[in-house]
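From first to last, the protein sequence lines are chains D and V.
Start counting the first sequence at 1; every next residue gets the next number (UniProt numbering).
Start counting the second sequence at 1; every next residue gets the next number (UniProt numbering).
Cβ atoms here follow ideal geometry from the backbone N, Cα and C, with glycine treated the same way.
Notes follow once the structure below has been shown.
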Amino acid sequence: MTEIEGYRVVPLRMTPDAKNCHSVYMREHFIRLMDPNKPKGRTLFLLNVPPYVTEASLKTFFKSKGNVESVLFAEKPGRDETTNWYEGMDVPFSNVQTPFKFKVAYVVFQKSSSIGRALAIDSIDMFNSSGECLIKTGMELWHDDYVNNFILDVAKTQNQINAYMARYDKRERAALAAAKTSEADPDGWVTVGKDGRNAGFEQKESVIGRIESKLEKDKKTKELKNFYTFQIRESKMQNIVELRKKYEEDKQKIELLKKSRRFRPF
Amino acid sequence: MGRIKNNQCQKETSLTDSHSDSDQAVGTSSDDGFDEPKPITAHKRKVPFVKSEAKKKKLKHTEENVKPPTLEEIKEIRDTRNLFHSNLFKLQVKEMLEELQLKTKYSTYIESWIETFTTAVHEFKDGLLDNCQLEVPLHLHKKSFNFQFLTPTSEPKLIGAAATGTVLGPKLVVDVALEMPETCFQKDDYRNLIYDQKRALYLATVASKLKQLPAFAADQFAYNFHANNPLKPVLELTPAAKIGKHLSFRLFITAPVNIFKLSRFVPWNNNIRPSIFGDEWDESEALPSTPHYNANVLFDLTQAENQKLLQSTFTGHRNFQDGLLLLKVWLRQRQLDVGFSGFSAHIIAAYIVYLKQHRLLHQSSSSYQVARTVWNQLANSDWTQGITLCQQQPHQLSTLAGYYDVCFMDVTGYYNLCASLPLAVYKAVCAEAKLAVELLNDVKVNSFSHIFMQKSPLYMRMDNILKITNPASVDQLLQLHVKPHVKYDYANYAHPQLLKLLTDLLQKGLGQRVHAIVPLEVPSKSWTVDSKAPAIGHCLTLGFILDPEHAFEVLDKGPATNEDPDGAAEFRKFWGDKSNLRRFQDGSITEAVVWAAATDAPSQKRLIVRNIVLHLLEKHLQLDSSDVQYIASELDVVYSLTPSFKVAKLQTKLKLVQETDAEALTPHVIHCFDALARQLHSLEDLPLDIVSISGISPVFRYCEPQPLLPQARLVSDRMHAGHVLRVIIQLSPSGKWPNELGALRSLKTAFLIKIGQQLKEQQHLHSHLCKEGLLVLKQGYCFLLELAHSKELALLKQQQTERGVTTYMDNPASRELERRHYILPRVSGALHALHQSQSTFGPTVLIAKRWLATQLLDDGLWPSIATELLVAHLFQQRQTPHPTVAPQTGFIRFLQLLAHSDWGSEMFLLNFNNTWTEQQITDLEHSYRSERDSYPGLYLATAYDQQHAGRLWTTEECPSKPVLGRVTILARHALELIESSLMSPTIRFVRPAQLFMASGDGYDLVIELKPDLLPNTLCYDLGSSFLPISLRNFRLPLAGSDQLAKIVQQLRSAYSEYAAFFYNPHGGKELAIVWRPASEFAPKPFKVNELRASTPCSNGKVQVVRDTLVEDFKLLLKDFYLRISTPDQLKREQRNHNKPKRYFNDQSESYKPQKKKKKEPVTNLTGPKKRLTKSKSLSALC
């Protein structure tokens, strides 16, 4: 029954007879700015969760203390950390995996009463009543991973693609339609797309840059250079300054090299 | 804006008063702005300007405005730019010269030493020889003659480097000459080596007398031979004082010029009679001339005259001295000045005088100009016709030149300074000089370090090396094959006789195949004065620089039999029964020798030169191949196919032999890839055409060290393959691709499905869709096709700013994609092209990669592409005049690069096709220097990297700084092993097992893995230092499932804060672990963000426990791990075990423990500090 700084410390056991276990630090999740995905009073916060522990295994274990709504991971406590952890997972076919690191976990129960029960446990057991591990490891894991995740079934994938593309087309059509209607919203703003009758220019950095540089160029061509004596003198001076600057830079390089003793040939 | 105006006002005012200054400055011209011979006597206010730029700069800074330029400043800056290309070069040269300057403490010591020495010498009493108790440092059969020691009449003088003020560290050697008095000699002493004996006796007497003096008694006395010349013993005196660590004196005995007539020593005269060697000589025949021996005596006689000439040029002329220093550094770094046949610095000094005489150099030439002119002149020189320092040459140069390879007559016109210089060495020096000039002219490289700083030992330029060290065979050569007149000529010194004999024969036999045959010498070791002089030069080491165009021609064609019967007969006589009469396709019938089949593997063709040399040695000199050592391709075995895999069992249409290697197998893969590319191009019914197909796996650029056999196959509908070859496909452009990443990727996948279906229908190729692309099976190879689309890159980079403007920012994901899809194909193409032009590139990479793998450095610690690019850098850079032809030499140079690169300050630029401009390179350098910390530890950039230069191929973690440090140490150790075995007369060249096996020390834990789960490598396996060789298993894994690599990646990602993981990616069966320093495992206060892997301990603190981590390792390696033990335990077990049988020779077993011991400090990964903690960590575990 160890406690440290308000955290309850329990061992995470992989097998019933495990001796050297990791310690997991638990407490009720409570911060000022609550995340809607981690509701107040129903969320258990776990620190130092080993990398190989999965969402599913934690969910299975805590089910005995009450129905679990979700389990979320993050690299460290903090805002947006959970989003960062799962970044890119929503894009299909993108080969992204969550980091394999020590992490923190948020277990969201359906009822707030489950929290108390969860905090009363003596250990987190990653095995079921018959002693089987909840986490797939070893050859089993690798083989499963290869067969189910690495190799894709063509027909299933094709269906998945078709479904996704259908949704995408729908979204695109809706956006296009919205752009075409070009009706003012309640505040009087009109959304201007790149299509339609009164299309604006694309809001891209390169496009804007091009326009800006063109404006600048126009301004410059009207200017006279190398005309007044002072301009000529100035450009000469500039030349000298540059020469000196280069010299200075080279000297600095030498100083650097000198420090690393690069002038002893033998 | 305002500030500039201000500046300007000030400037205008100052401009007017600076006029007077610049007027005066016009008169003081400097040639290049540094090292003016005379200090400028300009206006007083100017002095600091000229003398120290540093002060001037300070001045500028404090005033914070633009100072008017003085004429000098402008001139100086412009001159340095025109002359040196950059200030940088000039400043570097200046710094180096400062570094090389003799410190005053040494020069004063030398002066006082000479004084004491002079007084001591003059107090010597005359006496008979019997007083001399020391050994005479000469190997000559003594004939009794009268010799009496007489007090020297002239002062001892400084000669050589000390006299010209160019003594070069780090071990300063000051040469002192002592002249024997004239009265020591009789009329006939010039003949039959009597002069040399007297000289040696005199030296011995001086040594013994000096030793008795209190001022010298404590000093170290030793003899040595000057330039490995057994007729020129010198006395080496190392002062007993602390200064002796850096300074020693060499005493030469010379003779006055007038004791003999110089004309006695013209090259056509004989001064050693055959009778002295007990030989008979036909009275009617003219005595054989002894040009080399004559030059030997003349060296002493003309010493004073030559020295006078040198001093007239060098004394007081700092610019000339510095120029000579630069050239000496250049020469020494290339080791061309070593030994009897070396191009000594003395020749360079004389050449500078020669150039001055011919008005190519003048008094005011700066040091840089001196060096540059010498290189320029040397590069285009031809000394074989003879040049001379003498104003009135007593004999025709053309006559003199006929007696020597290279002819450079001294000031008297009698002595040839280059008498013992073989033509090949002279040619090598010229080639180096030419390269130096080219480097200086190339604005894109910083030539300074190439020319002066980089050590490039002579043996690293040699492709093959022949060593004859066996005394019996040397005697046999000398007695049976050397002609007597050569023996007299060199006064029976074995080395030049062997050199002449062998170079003549081999040059004739090899012809165009070699650029040069150069002797490799080791400076003789000194010996104490009371022991006998050692016999030196009884061995020969020859280096061959091969010509890549001709070296590996399979055929030597003789003259046509019907046109030139005599020539044909001679050809047949020369080659013996190897020569056959052959009819060629063009109808000619000629004698010809065939060395290999045209279809032979490249590694076999590389042995052609070896076979020729061995054949010639046997045929002409009766030397068996066991009597000599021919070093070529010893290490190439590491990329050959392991003998335990039987190719015959493989079902394939390709014609494969058992003795094959990765290099020979690569063309098959590329062939198959080309066929696949054609099939892909011809696919019909695809919505978009395939426009480009490029392979990005290392094998497509000849860089895959593991032999790739056509093994891949379908087993119960699963693809099994050892290697997956990655291919990038680009489609013809279309505007219809979606604007969302998910949709784009979905469509890409749909495309791959389509390609897979069409391949099946039209070409009957099996394919599987997988997460990373489309796996295609063709002819036993497994390809992984990926689609590249530029929109994907754009979408990855796309970001919205707060103003709603779309910008494109690089991020790790986009960079990785750009690298894989766009840049790697181009770099791959460039490396492929490099291999086509220099076929050594590929095999060199193979050896290098194998070496790194066997040092337990896998892709996660040291990116394999970094190896490829570093080797490419080595091949692109012109460090040597001739390209490296032997992969083994390439590998040695790669080791040298690893061992001596300063990772923190060196950048490795690969300017493919010369695409970078000078400005771009300077920009890169500038950003590198100013933001060094933002770049990875190893900076590699290619011309295709665009804005990612330096960050694309390496990262901060891979290779990390400790890994770089470790690689440096490992490379140094390997280099040491190679060098010592190469230069030693007794040890044979290193066996691959010595180099290509990691040492087992320094690791804390070793996790043995189950051998039946991990396939062996197809490479020639040299075994592991931890485990005996287990049953081999060549089971094919599922395509694209490298489980061990993935597990190690997981381990590293989760536990690299606490431990480092090492394994051999080429079929290693163990995982070695080193714990991080103990501080990581100490108790620390509870912090929410720093709680990883820690368990509470006492006092509310937390701590990481190693045992818990070990449990984790076991869990992650479940099913793979066999057991965990410490290296010590394993070693003990291996010892107890009845020596496990290995397939390489048993010698290695007895040898290995020694080697490991030697390596112990080296493999200590974490430095001495962590070494201490190791024992603790081990005890904690036990």
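key: Where VAL24/D falls, given that 16 or more other Cβ within 10 Å makes a residue buried   = Here residue 24/D refers to the residue found at position 24 of the first sequence. Under this definition VAL24/D is a buried residue.
task = Tell me whether ALA535/V is buried or exposed, calling it buried when 16 or more other Cβ atoms sit within 10 Å of its Cβ.
result = Indexing the second sequence from 1 puts residue 535/V at position 535. Under this definition ALA535/V is an exposed residue.
key: Same chain only: Cβ atoms within 6 Å of LEU952/V, ignoring 5 sequence neighbours per side   = Taking the first residue of the second sequence as 1, we reach residue 952/V at position 952. ARG819, ASP945.
ask   = From the DSSP output, which residues share a beta bridge with PHE225/V?
value = Translated into positions along the second sequence, residue 225/V becomes position 225. DSSP lists PRO233/V as partners of PHE225/V.
request  = Along the alpha helix (DSSP H) that carries GLY138/D, what are the first and last residues, could you check?
outcome  = Reading the first sequence from its first residue, position 138 is the one you call residue 138/D. Note, GLY138/D: alpha helix (DSSP H), 138-144.
ask   = Apart from the five residues just before and just after LYS46/V, which ones in its own chain have a Cβ nearer than 6 Å to its Cβ?
value = In the second sequence, the residue the question calls residue 46/V occupies position 46. Confidence at LYS46/V is low in this model, with a pLDDT of 36, below 50, so the placement of that residue is unreliable and no value is reported for it.
message = Quick check on GLN855/V: does DSSP put it in helix, strand or coil?
response = For the purposes of this step, residue 855/V is taken as residue 855 along the second sequence, with counting starting at 1. Correct three-state label for GLN855/V: coil.
message = Give me, in chain order, the residues of the same chain whose beta-carbon lies closer than 8 Å to that of ARG250/V; leave out the 5 immediate sequence neighbours on both sides.
response = Looking up residue 250/V in the second sequence gives position 250. Same-chain partners within the cutoff: VAL173, VAL174, ASP175, VAL176, ASN224, HIS226, VAL234, LEU235, GLU236, LEU237.
task = Using a Cβ cut-off of 8 Å, pull out every chain D residue sitting near VAL805/V, in sequence order please.
result = If you number the second sequence from 1, residue 805/V lands on position 805. Result: GLN203, LYS204, GLU205, ILE208.
query = In whole angstroms, what separates the C-alpha of CYS703/V from that of LEU824/V?
reply = In the second sequence, residue 703/V corresponds to position 703, counting from 1. In the second sequence, residue 824/V corresponds to position 824, counting from 1. So the two alpha carbons sit approximately 14 Å from each other.
inquiry  = For THR315/V, would you say it is in contact with chain D, using Cβ-to-Cβ distances shorter than 8 Å as the test?
reply    = By one-based count along the second sequence, residue 315/V stands at place 315. False, the Cβ-Cβ gap to chain D never drops below 8 Å.
message = Using a 10 Å radius around the Cβ and a threshold of 16 neighbouring Cβ atoms, would you call ASP661/V buried or exposed?
response = Taking the second sequence and counting its residues from 1, one reaches residue 661/V at position 661. Buried.
request  = Could you tell me whether the Cβ of LEU256/D comes closer than 8 Å to any Cβ of chain V?
outcome  = Stepping through the first sequence from its first residue, residue 256/D is reached at position 256. It does: the Cβ of LEU256/D has a partner Cβ on chain V nearer than 8 Å.
Within 7 Å of chain D by C-beta, residues of the region 1027-1051 of chain V in sequence order = LEU1038, GLY1040, SER1041, GLN1043, GLN1050
task = Please confirm whether SER692/V and GLN730/V have their CB atoms less than 8 Å apart.
result = The sequence position of residue 692/V within the second sequence is 692, counting from 1. The sequence position of residue 730/V within the second sequence is 730, counting from 1. Closer than 8 Å, so yes.
message = According to DSSP, simplified to helix, strand and coil, what is MET34/D?
response = Translated into the one-based positions of the first sequence, residue 34/D becomes position 34. MET34/D falls in the coil class under three-state DSSP.
request  = Would you mind sorting VAL147/D into buried or exposed? The rule is 16 or more other CB atoms within 10 Å of its CB.
outcome  = The sequence position of residue 147/D within the first sequence is 147, counting from 1. Classification of VAL147/D: exposed, given that the 10 Å Cβ count is below 16.
key: Pair within 8 Å by beta-carbon distance, PRO452/V and MET907/V   = Position 452 of the second sequence, counting from 1, holds the residue named residue 452/V. Position 907 of the second sequence, counting from 1, holds the residue named residue 907/V. Residue identity differs from the one stated: residue 452/V is Phe in this sequence, not Pro. No. Outside cutoff.
message = Using beta carbons (cut-off 8 Å, strictly below), is residue 1213/V in contact with chain D?
response = Outside the shown range of chain V (1 to 1182) lies residue 1213/V, about which nothing can therefore be said.
message = Using a Cβ distance threshold of 8 Å, determine whether the region 255-269 of chain V contacts the region 299-314 of chain V, with at least three qualifying pairs required.
response = yes
query = Between ALA788/V and ILE728/V, what straight-line distance do the alpha-carbon atoms span, to the nearest angstrom?
reply = What you label residue 788/V is simply residue 788 of the second sequence in a count that begins at 1. What you label residue 728/V is simply residue 728 of the second sequence in a count that begins at 1. Their backbone Cα atoms lie some 6 Å apart in a straight line.
message = Against chain D, with Cβ distances strictly below 8 Å, would LYS749/V count as a contact?
response = Along the second sequence, read from residue 1 onward, the residue named residue 749/V stands at position 749. It is worth fixing the name first, because residue 749/V is Thr in this sequence and not Lys. Closer than 8 Å to some Cβ of chain D, the Cβ of THR749/V qualifies, so yes.
Close beta carbons around ASN913/V, own chain, < 8 Å, minus the five adjacent residues each side = Position 913 of the second sequence, counted from the first residue, corresponds to residue 913/V. So the qualifying residues of the chain are ALA830, ALA943.
inquiry  = Using 8 Å for Cβ pairs, my map puts LYS253/D next to LEU938/V. What's the rounded Cβ distance?
reply    = The residue you call residue 253/D lines up with position 253 of the first sequence. The residue you call residue 938/V lines up with position 938 of the second sequence. 20 Å between Cβ atoms; not a contact.
query = Does DSSP classify ILE121/D as helix, strand or coil?
reply = Within the first sequence, the letter at position 121 stands for residue 121/D. It is coil, neither helix nor strand.
ask   = Where are the alpha helix (DSSP H) runs, 4 residues long or more, that stay fully inside the region 73-123 of chain V, in chain order?
value = 87-100, 104-122
ask   = Quick one: which chain V residues come within Cβ less than 7 Å of TYR228/D?
value = The count along the first sequence starts at 1 and reaches residue 228/D at position 228. The premise fails here: TYR228/D is roughly 12 Å from chain V at the closest Cβ pair, so nothing lies under 7 Å.
request  = Return the CA-CA distance between TRP375/V and VAL776/V, expressed in angstroms with no decimal places.
outcome  = To locate residue 375/V, count along the second sequence from 1; it is residue 375. To locate residue 776/V, count along the second sequence from 1; it is residue 776. Answer to the nearest angstrom: the Cα atoms are 58 Å apart.
query = Apart from the five residues on each side of it in sequence, which residues of its chain come closer than 7 Å, Cβ to Cβ, to GLN896/V?
reply = Here residue 896/V is taken as the residue at index 896 of the second sequence, counted from 1. Contacts found: MET460, LEU975.
key: Contact under 8 Å by Cβ, residue 1187/V with LEU650/V   = Only positions 1 to 1182 of chain V appear in this structure, which leaves residue 1187/V out of reach.
message = On the DSSP bridge list, what partners appear for GLU179/V?
response = On the second sequence, position 179 is the one that residue 179/V refers to. Paired residue(s): THR254/V.
request  = List the DSSP bridge partners of PHE109/D.
outcome  = Here residue 109/D refers to the residue found at position 109 when the first sequence is read from its first residue. VAL68/D, per the DSSP bridge assignment.
key: Same chain, Cβ closer than 7 Å to GLN231/D, neighbours up to 5 away in sequence not counted   = The sequence position of residue 231/D within the first sequence is 231, counting from 1. LYS225, listed in sequence order.
task = For the region 27-53 of chain D, enumerate the residues whose C-beta is nearer than 9 Å to any C-beta of chain V, in chain order.
result = LEU47, ASN48, PRO50, PRO51, TYR52
query = Smallest Cα separation from ALA597/V: which of THR561/V, ASP556/V, SER626/V?
reply = Indexing the second sequence from 1 puts residue 597/V at position 597. Looking at the Cα atoms, ASP556/V is the closest of the given residues.
task = List the residues that DSSP assigns as beta-bridge partners of PRO559/V.
result = Here residue 559/V corresponds to residue number 559 of the second sequence, with the count starting at 1. Answer by DSSP bridge pairing: none, since PRO559/V is not bridged.
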